[in-house]
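Participant: Quick one: structure below, then a few questions.
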Amino acid sequence: MTILKMSPLEVLKRFPAFEANIRKLYREDDTFRTICEDYAECSDALQRWSRLQSGEAAVRKREYADLLQDLEVEILQYLGEHEES
Numbered sequence: 000m001t002i003l004k005m006s007p008l009e010v011l012k013r014f015p016a017f018e019a020n021i022r023k024l025y026r027e028d029d030t031f032r033t034i035c036e037d038y039a040e041c042s043d044a045l046q047r048w049s050r051l052q053s054g055e056a057a058v059r060k061r062e063y064a065d066l067l068q069d070l071e072v073e074i075l076q077y078l079g080e081h082e083e084s
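According to numbering that gives the first Met the number 0, the residues represented by the sequence shown are 0 to 84, in order.
And the structure:
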């Protein structure tokens, strides 16, 4: 499965209450699709670094965790700005 196909799934797992809006925006909005792809890549990187035990791994894990949190805020803001009426 490619990242493109997995991208909305990662966001859907994190924000299941917004499923309909996430699916719609992912299909129709290039900006939202890019945010979802970034989220999936970041989540994947965090999982990879979390399996390693080194000083660099700890630093990278913290960086990716912070980035993932920032992307979650961005996703929620985007969903709020593009709510279904």
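In this text, a Cβ means the ideal position worked out from N, Cα and C, and glycines have one as well.
The model shown is predicted, which means the values in this text are computed figures rather than measured ones.
Which complete alpha helix (DSSP H) runs does the segment 27 to 70 hold, if anything under 4 residues is left out?
Facilitator: Segments of the alpha helix (DSSP H) lying fully in the segment 27 to 70: 29 to 49.
Participant: Are there three or more Cβ pairs, one per stretch, closer than 8 Å when the segment 13 to 21 is compared with the segment 65 to 84?
Facilitator: Touching, yes.
Participant: Can you tell me which of the three DSSP states Phe17 falls into?
Facilitator: Of the three classes helix, strand and coil, the one that applies to Phe17 here is helix, per DSSP.
Participant: Pairing CB atoms from the segment 65 to 76 with CB atoms from the segment 47 to 55, are three or more of them under 8 Å?
Facilitator: Touching, no, given that fewer than three Cβ pairs across the two stretches are closer than 8 Å.
Participant: Taking buried to mean at least 16 other C-beta atoms within 10 Å of its own C-beta, is Glu9 buried or exposed?
Facilitator: When all chains shown are included, Glu9 counts as buried.
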